[in-house]
Every structure is written in structure tokens, then in C-alpha cells.
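Taken in order, these protein sequences are the chains called C and A. Read in order, the letters of the first sequence are residues 25 to 742 in the working numbering. Read in order, the letters of the second sequence are residues 40 to 390 in the working numbering. Below is one structure, written out as C-alpha cells; comments come after it.
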Amino acid sequence: MTLNRTSNKAAKTQHFLPTSLRAAIIASSYWVLSLSPTVVSGSVASFIGCLFACYLIDLGIHRSPLKRLRTFTINLMSLSFLLMGLLLASLVTSTVLLSNLTSPMFSFDTGEFIKWFAISASLTVCLRVLAQRTSYGAVIEILFVAIAFVITLSAHRNGMIHRPFLIGDYALIRGIDPSSILMAFGCGAVLSLAALLMIENNHRRLPYHFTVLGLLCFSLLFYVRLFGLPTPQLTDDLGLTGQEQAGNRAERENPFRDSENNADDKEAPVAVVVFRDDYEPLNGSYYFRESAYSQFNGTLLDFTTRSDMDQDLIKNFTNSRIETNQPPKAEDQRTPVRASIGMLISHRTPFGLESPIAYENTANPNNLRFKRTYDTYSQAPEYDFNYLLGGELGRADWSQEVWDEYLELPDDPRYKELAESLIVDLKPEFTDDPFAKAWAIKTYLDESGIYSLKNEHAYETDPAGSFLFGDLTGYCMHFSFAATYMFRSLGIPARVGIGYAVPASNKAGGSSLLIQAVHGHAWPEIYFRDIGWVIVDPAPQQTLVDMTTDPQNNLQQLLGDMLRNDASFDDFLQSQQTSAINLQLILNILYALILATLLSAYTVKCYRSWIPSRAAVDKQYRLSYRAVLDQLAAIGLHRQYGESREQFARRVEAVAPSMRKLTNQHLALALGSQDKNSFDAAKWTELRSAIAQEIGRNTQTWKRVVAWINPFSWLLSK
Amino acid sequence: MTDSITEVAEPIGLSDTEEVSSNTQIDAAVDVLNRLSAAVKQQVLGRDDVIELTLIALVADGHVLLEDFPGSGKTTLAKALGEAIVDDGSDKNRADFILPFRRIQFTPDLLPSDVTGVPVFDSNSNAFHFRHGPLFAHVVLADEINRTSPKVQSAMLEAMGEKQVTVDNVTYQLDALFFVIATQNPLDLVGTYPLPTPQLDRFLFKITMDHIDRKSELDVLDTYKQRRDLTADKITVTRDEVLFAREQIDAAVTISGSIKSALVDISRNLREDERVLQGNSTRSMVLMLPALQVAAALRGRDYVSAVDIELLLPRVLGHRIELAPGVADLNKVLIDAMRGPMEQLARGTLA
Numbered sequence: 025m026t027l028n029r030t031s032n033k034a035a036k037t038q039h040f041l042p043t044s045l046r047a048a049i050i051a052s053s054y055w056v057l058s059l060s061p062t063v064v065s066g067s068v069a070s071f072i073g074c075l076f077a078c079y080l081i082d083l084g085i086h087r088s089p090l091k092r093l094r095t096f097t098i099n100l101m102s103l104s105f106l107l108m109g110l111l112l113a114s115l116v117t118s119t120v121l122l123s124n125l126t127s128p129m130f131s132f133d134t135g136e137f138i139k140w141f142a143i144s145a146s147l148t149v150c151l152r153v154l155a156q157r158t159s160y161g162a163v164i165e166i167l168f169v170a171i172a173f174v175i176t177l178s179a180h181r182n183g184m185i186h187r188p189f190l191i192g193d194y195a196l197i198r199g200i201d202p203s204s205i206l207m208a209f210g211c212g213a214v215l216s217l218a219a220l221l222m223i224e225n226n227h228r229r230l231p232y233h234f235t236v237l238g239l240l241c242f243s244l245l246f247y248v249r250l251f252g253l254p255t256p257q258l259t260d261d262l263g264l265t266g267q268e269q270a271g272n273r274a275e276r277e278n279p280f281r282d283s284e285n286n287a288d289d290k291e292a293p294v295a296v297v298v299f300r301d302d303y304e305p306l307n308g309s310y311y312f313r314e315s316a317y318s319q320f321n322g323t324l325l326d327f328t329t330r331s332d333m334d335q336d337l338i339k340n341f342t343n344s345r346i347e348t349n350q351p352p353k354a355e356d357q358r359t360p361v362r363a364s365i366g367m368l369i370s371h372r373t374p375f376g377l378e379s380p381i382a383y384e385n386t387a388n389p390n391n392l393r394f395k396r397t398y399d400t401y402s403q404a405p406e407y408d409f410n411y412l413l414g415g416e417l418g419r420a421d422w423s424q425e426v427w428d429e430y431l432e433l434p435d436d437p438r439y440k441e442l443a444e445s446l447i448v449d450l451k452p453e454f455t456d457d458p459f460a461k462a463w464a465i466k467t468y469l470d471e472s473g474i475y476s477l478k479n480e481h482a483y484e485t486d487p488a489g490s491f492l493f494g495d496l497t498g499y500c501m502h503f504s505f506a507a508t509y510m511f512r513s514l515g516i517p518a519r520v521g522i523g524y525a526v527p528a529s530n531k532a533g534g535s536s537l538l539i540q541a542v543h544g545h546a547w548p549e550i551y552f553r554d555i556g557w558v559i560v561d562p563a564p565q566q567t568l569v570d571m572t573t574d575p576q577n578n579l580q581q582l583l584g585d586m587l588r589n590d591a592s593f594d595d596f597l598q599s600q601q602t603s604a605i606n607l608q609l610i611l612n613i614l615y616a617l618i619l620a621t622l623l624s625a626y627t628v629k630c631y632r633s634w635i636p637s638r639a640a641v642d643k644q645y646r647l648s649y650r651a652v653l654d655q656l657a658a659i660g661l662h663r664q665y666g667e668s669r670e671q672f673a674r675r676v677e678a679v680a681p682s683m684r685k686l687t688n689q690h691l692a693l694a695l696g697s698q699d700k701n702s703f704d705a706a707k708w709t710e711l712r713s714a715i716a717q718e719i720g721r722n723t724q725t726w727k728r729v730v731a732w733i734n735p736f737s738w739l740l741s742k
Numbered sequence: 040m041t042d043s044i045t046e047v048a049e050p051i052g053l054s055d056t057e058e059v060s061s062n063t064q065i066d067a068a069v070d071v072l073n074r075l076s077a078a079v080k081q082q083v084l085g086r087d088d089v090i091e092l093t094l095i096a097l098v099a100d101g102h103v104l105l106e107d108f109p110g111s112g113k114t115t116l117a118k119a120l121g122e123a124i125v126d127d128g129s130d131k132n133r134a135d136f137i138l139p140f141r142r143i144q145f146t147p148d149l150l151p152s153d154v155t156g157v158p159v160f161d162s163n164s165n166a167f168h169f170r171h172g173p174l175f176a177h178v179v180l181a182d183e184i185n186r187t188s189p190k191v192q193s194a195m196l197e198a199m200g201e202k203q204v205t206v207d208n209v210t211y212q213l214d215a216l217f218f219v220i221a222t223q224n225p226l227d228l229v230g231t232y233p234l235p236t237p238q239l240d241r242f243l244f245k246i247t248m249d250h251i252d253r254k255s256e257l258d259v260l261d262t263y264k265q266r267r268d269l270t271a272d273k274i275t276v277t278r279d280e281v282l283f284a285r286e287q288i289d290a291a292v293t294i295s296g297s298i299k300s301a302l303v304d305i306s307r308n309l310r311e312d313e314r315v316l317q318g319n320s321t322r323s324m325v326l327m328l329p330a331l332q333v334a335a336a337l338r339g340r341d342y343v344s345a346v347d348i349e350l351l352l353p354r355v356l357g358h359r360i361e362l363a364p365g366v367a368d369l370n371k372v373l374i375d376a377m378r379g380p381m382e383q384l385a386r387g388t389l390a
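Structure (C-alpha cells):
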């Protein structure tokens, strides 16, 4: 009986701290897991439920009621508890009683609380009981915690750097990369798990658990080693050929094969745009032109190799301002728009809101985040399509060769046949109007085409023909190429513009706009003499893919604020930083503290070795002995806890034989020998120097050097 | 039953007295002890540690309980000790009935009067007069003390505790040097009356003897004859010399306050230890003080130090502590209880 009592007591005192630590870790993983599927009350409930279950099991498993139950029974009971909790929660929310008594919000909160309390408590009970009773249980528990953190932190992947919001916001407004914070979190979690494993009672299981933990860590390490840290990657479909590629260029030759890239990171942010001037596009999308396919190379359209074509395009970044050679016309129908662009992914060519007339490099406010930042100056169109009716085609200074280039198309009569068949229905007054013809073709594609990322045309010689005269199923490349070819067949100079098209609604009332990989786009353009390149973009009414994205308003605003980098944002940063602790100041204080500690340690060390030569005889037994102990401690010999001075003296006899004599003398005086005057100061000094010489003889040089340098050696002498 | 204690501190032979103390009081006392020890060692081979502890107990006015197997030299040890202390007749107060050495073999049918003595009717003087029992001696060997009835044991223990016997309401003082060496067989427990812990408390030491080493055993066989015939050049010590040594050591060896507080702290630690059912008594600490002084003096010191505690504490406390069921290792319990106070003691010397 006595033994039982004592062992229980021992178990309890041993368990409390590890239990709390473990409970905190598991509860925080419940917290992060429950953040997205429930409201605050649910998260709080899951946290509390987990703590409750942890303490219940850890402190009660060796006591009477739980001790007698079998593992299976306990698990069954906890599952029935879960069921009851879920039933009660649905009862609370489905009956009107509570919501009538208080408010519907309250009844919803209560329901969530009960539900998540039941979930976390019952699951924790299962996990904990398995961990306590079985050998594999702790592994499941570790995996659970690891998965919870992985799921949470994986929200950060694909460039969603603002997620999870708590960490992302904190880090980003201070110019820190959140991924390093997340890595630190991961390290902390692993370390605390390891600490838990180390203080666990059953040492037989320890190797297995460490193996599991080690495998987890090593697999992560290998992943990072092989693939690097997960960074936003670009999908290359939808005309994003302008981006710099790490992969094989040869495969990118054909823009129709872009869709072969897996598109699992469509939402990856590509760039952020901050509008300095107010502008709303008439057709519902912001077009950012990067480049254009205009020259037919025998199989399909490609970047032009002629210097006299596409002179409106700016092909390179410069370190200063660069202007287009051919600004668009019809200034009265355009509005100047300045916008700042921060590229999150490297591009070969700058892009700007249509129609860009100048780019100007700007200082990068955050090198960690932005690959490049520049301002764009655009003449954005404000004309409606009526204005285009009756417009003349082509540029006055185009040579015949340039004209021919803009009209060249595959040697396939079906383009012209189809195009002509589409314009026969035009009203008589429009039969010769180029824009009306183009609109008819666009309308045909809108109504007949089917938008799909999967298509069968990629490996045809003329994918656009295969698309147009085949199943009419394809994506923007097919639509834009087909439209361009048909325009050209009717004598309309056209090209395929590539870049990004972002729905205007994404701007969500703010001034910043996030461009994501999914916004990569290609569109047909027609040159009108008095206007410039005009986008006539087919918009298929049938689509097989969901191209909508979750609006990333937070990220958009965050990145926008970061890019804007104006005084107000600086002020905001300042206000954030003054509220936090100044890192530099802390470091300085730390350095000063370290220096002061070192200095005082050396002072104490010197004082303790010097003072015996000045002290009175009646203090010598203490001071001399302490000085010798310091010397011994410096070379790594110090008395163990509970060891008597005589034992210590015997132990160090190999190094300092005189130590025994000194110890005996010291003890005689310290423990009240009646023979007080046997030793005078000279004898003490003699003994001390004898020991110093012995230490010098019997110790390696490096040890003595370390002993001499170490400022804290005296701390160990006792 | 408490577990027997084995060596905790390494045994320190008398040759370990490396320090040459200038204290003449102690020198004289140590000289007596050395002669006594030499006398016993003439007879008992390979038991230097037991001899030392026995001498410490003798000078510290305690009694010892030896626990070992038959034929291991207990009687020889007791007898040698008893015979080494002679009466040179200088003491005028000495009673004739006090003998140097008596041995009592305890059996179940022994009566208290067999031990203490009995009033006998003398028809000549027509009166009762007391016939002194075997307790009236310098050294008494109480053989197999656990084989006799509790009644006899209690009579014996009164004599040990009070140094007197009471028969028919008359109290007779025992000799000032009265010293009991009791033995018991730790294995053969059938038909025994084990001594309860309070009675064990009267013994200063319980010493468990192991078999002596091979060389000593050979020596015993080789020198058996010489030791038997050894009569002429026996080393002897007078009773008064032993009493003188006791006084001298008591006067000359200092016990500092830090030593005492270490002892008290160790006792308190033991009483609070969950592995200990019953801790040691205050008496045990009181009895231990003179023993510590003798141990210090034997090493030529005039102060008690930590090593003395390390040497004696297991012997003093080994039979006084009752461990909780299931706890086997008394040594570990003692070491745990000692660690903190000993650390305090060691640190205290620098303060």
C-alpha cells in the first residue's frame, strides 16, 4: 500500500510538466487545424477540449476508474462521447429555443463550441490512451501533430505568402520572409516533440519514436535539398511564354504546348500592379501587353525578327526610362495611366497596361519579395466600339513588306472561306467595314468555341486550323491564332498580343491589382490607322474549365502596400516597428551585457587568484584553498556534488599530489581544529606554488591555455 | 528486518594516519588504541576493518552487533579484545568480580538471572548475597543473541543501555568499560526471536562480516599454532588506559557545528524519504558523536571531518532504518540522503 502511494505520487510529480508541454503542443495543432473549418468559439473549444483530455488521460490513466478499463473500452467511450457531442451541437443549432432566448449568433457559437469540444476531446482521448498503452500510439500522435502543422504551413505554398495571416502579416510588414518564420516554427515543433520523447517514461519505445521523428525530419531535409524551398512557380499555359524559364527552351518554341505544364499552381502570384491613376477598362478586363506574335514563320506566328515590325513593343528592361518608338494614336480617346509593377517572378520582357508607352525602372522596396519593380506609362483606351467603326486599317509608314507580313497566314484556303462565310450576313452598310468584319469573326468564335485547357491540337502542324475546323475546343492561344488568321485572310492586319488579362472586378475597389499565373492570356489585335493596335478578344461562352480564382484581396493589398512604398507606408512600418522592440537596440544591449559579463568574470578570476597573497593568516586557509580550487577547476577538475573535500583531493592526486596536504590543512582550520597556529602565511604560499607547479607539470599545454583564457572557470570551483 | 549494510566508504586502515599531529593528548590516546589493535590483530587475521570499528565502538562507549556465519572469528575477536585489556591492579576501586572477558551463549531456555546474576542464600551468613552473572566483565560476547527469549534480551539490553542490572529491586553497577559484542546468524532464522528495531538501537554498530580473503585465510591456517601458543609476548592494555583514551579523545577532538548540522540534516532527509518507513532516532546521532571523534583521532586528526561521517554513518544507521517494502538498496537511500548535507558541509568550509 505504501509503495502504491509513493509510486503514484512519483508518477504525478514526474508527469505534470511533460503533460502540460504535450498538451500545449497537441492543443495548438487542434487550434491551427480548426482555424479554417470553424469560427473562433470552435477553435477555442477544440483547444480547451484537447487540454482537458490530455490532463484527464495523463494524470488519470494510472488511477482507479481508467486503470481498470481496457483501451478498446476507453476508445469506444470517447467515440460515443463524440457522437453525443455532435448530436447535442446539432440539437442546439436546429432548435429555435436557444436562438429565441438569446440570439441566433449565440446559438451558432454554442453549437460550434460543443461540436469542436467533443471532436478534440474525444480524438485526444483516443490518441493519448493509445500513446500511453501501446507502442505505436505515440507515433500516431506525432504524425497527427506533424500533419496539423504541415497543413497549416502548406497554405503558404504557391506564393500565398500572406498565409497563414497571423504569421504572414507580421512578417511581411517588417520585411521578413515569412518562410523563415515558418521554418523556425517547424524547428520549434520538432524540438519540442524531441524533448517530449526524451522525457517520456518508457525508454524501450524511445528508439522507435526517434526513428519516426528522424525520418520525418530527414524527408523534409531531402525535399528541401533536392527541390529547394517551395517558392511560387509559374504555370506556363495560357500564353505565358514571355516568362523566363528554367526548363528546356526548345519545348517552349510552340506556344500551343504550354498547356502541357501541370497547372496545379494557377493561383501563384506573378506580379502586383499599383495604379497611380484611376482607370476602369470598358470591356471588363485589364490587359497587360508583354509581347506579340506577329510574323508568320511558315508554320505559325512567332516573335518578329524584323526591326520595322511591332515597333510599339518595348522588348527589354533598362535601368532608366525607356519609351516606345511608336506611341498609339487617338490621344483624345485615351487616358494616361501610370502604374507601378512589382514582378514576383522574373520575366524576360516588361509588360504594361495596354497600351504602354514608357517604362521606368524604380527602386525595389523589398528585394526579398520583388524580382523587379518599374513604373509603366500607358495610354489606356477609353473609346467604345462605335468609335472603331469605319476606321481605316494599317499604318501610313508601313512598307509593303510589313503589310504583307501582317497579312501572312498558313496556306490554307479554309480560313478565307470560313471568314467570308461569316461576314456575308453583315448589314449592307457594314460589309466593307473592317471592324464589323472582325466583330463578326469574334462573335462566331464566342458563340461556337468551347474553352478548354485540354485539347488535341498541340501536335498538329497548324494547331489553330485543327482547332478552327475541328472541334472548336481550345484555349486562348487557339482562339487568338484562329481569329488572327481569319482577320488576315480578309486583309485586316492583325497579330496575337500576349501578356496578362485580369478581370476588372479583381481590383475590388482598391488601387492595387494582383496578377496571378492564371491570368496569363493571348488575344488578337488589329491595327487601325488613327488608333493603333486594338484588342478584339474572343470570349467563348462555353467553357469546360473554371478559370475563376479566389480573390486574394489581402495578398493583393499587402503586396500593393509593399510595392507602393510611399511615405504613408513608411509611416505605417515605423509605427509597427516602434511598437515592437528595436532589434538593433536589443543587439547592442546584448553585446554590452556580454562584454560586461566577460569583464566582471575576468575581474573576479584575477581577484580570487591574487587575494591570498594579501590576506591575513587567519583567512589564508579559506582564500588559498579557494585559489587552488580555481586553478583545478580551470583545467576541468572540480568537486562533484556531494563529494567530500578529502575524496576530491584523492581524486586529483594524480595531477596535484600536494592537494591532500592542503585539503587536510584547510579542513583542520575550517572544522575547528584546536591547533590553530601550525601554518603560517609562508607555508600556505609555498603549498600553493607547489600545487601550481604540479598542475603545470601534469597538464597538457592546450588545457592550460584554455584554463588561462576561460573567464568562467572559477564558477565551477566549489 | 533492515537490510544489511555493506561497505559504503572504503575501509581505512590505521596505517592511513599520514598526518603527524602535534597534539600530545591525542597521541597518547591513539597509542593506546594502536596497542589494543595490535593485540587483537595478533589473534584475528584479515579483519582489520572490523577490528577498527570494534575499537571505535569500545572507546566511544557503544556496543556492536556482528552478523556473520559460525566460525568466522567473532569469538576469537571478542576474546582477544577481552584478554588484551588487563587489570594491573592499580585501580583501587576495582571489584574482584569483574572479569576481563565473559561469553554468554544465548539459548531459548536461558533466564534473565543466568545473565545478570542471582541472589543466593548463604547458609553460613544466613543471608542472600548476590552472585554476579556474566555481565560483570569488561568485554562480553553475547553469542547468537536472537536465539533467546525477549525476556532475556530485554535484561541484556537494559544492561547495555544503562550500564547496570537490577535484580530483586537492587541495582548493581556494571564496569565503566562494559562492552558487548553481540552476534547473530543472518541466515538460520528458525526458532529465533529477531531483535526489534528499538532494541537494535542500543547497538552503536551493526557490522556485517564477509568471508576474509584468500591470503588472510591461508595466513589463519599457517599461523594457527603460533597464535595458540602465544602467551608470553602478548600485547596488553590496561583498563585504565582505555578509559583514559576515552577521556582524552572526548576532550581533544573538536566536532564543529557544521558537522552536527550535517548529521541532523541527514537524519531529517532520511525521515522524509518516501523509501524509508522509519528513520533513525536522535539517540543514534548522540551515540555517533563519540564514535566520530574516535574515528578522527585514529587518523591523527583533532577534528571530525566528512570522511568520518562517510565511514561510520552506514554502520550506525544500517540497522536503525526500516525501509519501505520493495526497497532493497539501503546504500542508495543513504547516499541520496547524504548528498545534500555533505555538499553543504563541503561548501561550508569555504564560507
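Cβ atoms here follow ideal geometry from the backbone N, Cα and C, with glycine treated the same way.
Beta-carbon gap between residue i and residue j smaller than 8 Å
{"i": "A/Leu350", "j": "A/Met327", "result": "no"}
{"i": "C/Pro374", "j": "C/Tyr383", "result": "yes"}
{"i": "A/Met199", "j": "A/Val219", "result": "yes"}
{"i": "C/Gly584", "j": "C/Val296", "result": "yes"}
{"i": "C/Ile164", "j": "C/Leu147", "result": "no"}
{"i": "A/Ala96", "j": "A/Phe244", "result": "yes"}
{"i": "A/Asn208", "j": "A/Glu183", "result": "no"}
Nearest-angstrom Cβ-Cβ length linking residue i and residue j, presumed shorter than 8 Å
{"i": "C/Pro360", "j": "C/Tyr311", "result": "At roughly 16 Å, the Cβ-Cβ gap does not stay under 8 Å, so C/Pro360 and C/Tyr311 are not in contact."}
{"i": "C/Val169", "j": "C/Ser536", "result": "Going by Cβ atoms, the distance from C/Val169 to C/Ser536 rounds to 37 Å, so no, they are not a contact pair."}
{"i": "A/Thr222", "j": "A/Leu105", "result": "5 Å"}
{"i": "C/Phe320", "j": "C/Glu432", "result": "4 Å"}
{"i": "C/Ile143", "j": "C/Ser65", "result": "13 Å between Cβ atoms; not a contact."}
{"i": "C/Ile522", "j": "C/Ala462", "result": "Not a contact, Cβ separation roughly 19 Å."}
Pairwise C-alpha distance: residue j and residue i
{"i": "C/Ile365", "j": "C/Arg553", "result": "30 Å"}
{"i": "A/Phe217", "j": "A/Val103", "result": "12 Å"}
{"i": "C/Ala420", "j": "C/Val520", "result": "21 Å"}
{"i": "C/Ala274", "j": "C/Ala460", "result": "The predicted model places C/Ala274 with a pLDDT of 37, which falls under 50 and marks its position as unreliable; any figure quoted below should be read in that light. Looking at the two C-alpha atoms, the distance is approximately 39 Å."}
{"i": "C/Tyr54", "j": "C/Cys78", "result": "12 Å"}
{"i": "C/Val729", "j": "A/Ser344", "result": "35 Å"}
{"i": "A/Ala48", "j": "C/Gly660", "result": "Any reading at A/Ala48 needs caution, since the residue's pLDDT is 39, under 50, leaving its predicted position unreliable; the model's value is listed next. Approximately 25 Å, taken between the alpha carbons."}
{"i": "C/Thr567", "j": "C/Val542", "result": "15 Å"}
{"i": "C/Leu244", "j": "C/Ile49", "result": "20 Å"}
{"i": "C/Glu549", "j": "C/Phe505", "result": "10 Å"}
{"i": "C/Gly544", "j": "C/Cys500", "result": "9 Å"}
{"i": "A/Leu369", "j": "A/Leu228", "result": "21 Å"}
{"i": "C/Leu514", "j": "C/Tyr524", "result": "27 Å"}
{"i": "A/Pro158", "j": "A/Lys273", "result": "37 Å"}
Those residues which DSSP pairs with residue i across a bridge
{"i": "A/Glu91", "result": "DSSP output for A/Glu91 lists no bridge partner at all."}
{"i": "C/Tyr551", "result": "C/Trp557"}
{"i": "A/Asp182", "result": "A/Gln144"}
May I ask you to verify whether the segment 665-673 of chain C touches the segment 368-382 of chain A, counting CB pairs closer than 8 Å and requiring at least 3? yes
Does the segment 674-691 of chain C come within contact of the segment 283-293 of chain A, defined as at least 3 CB pairs closer than 8 Å? no
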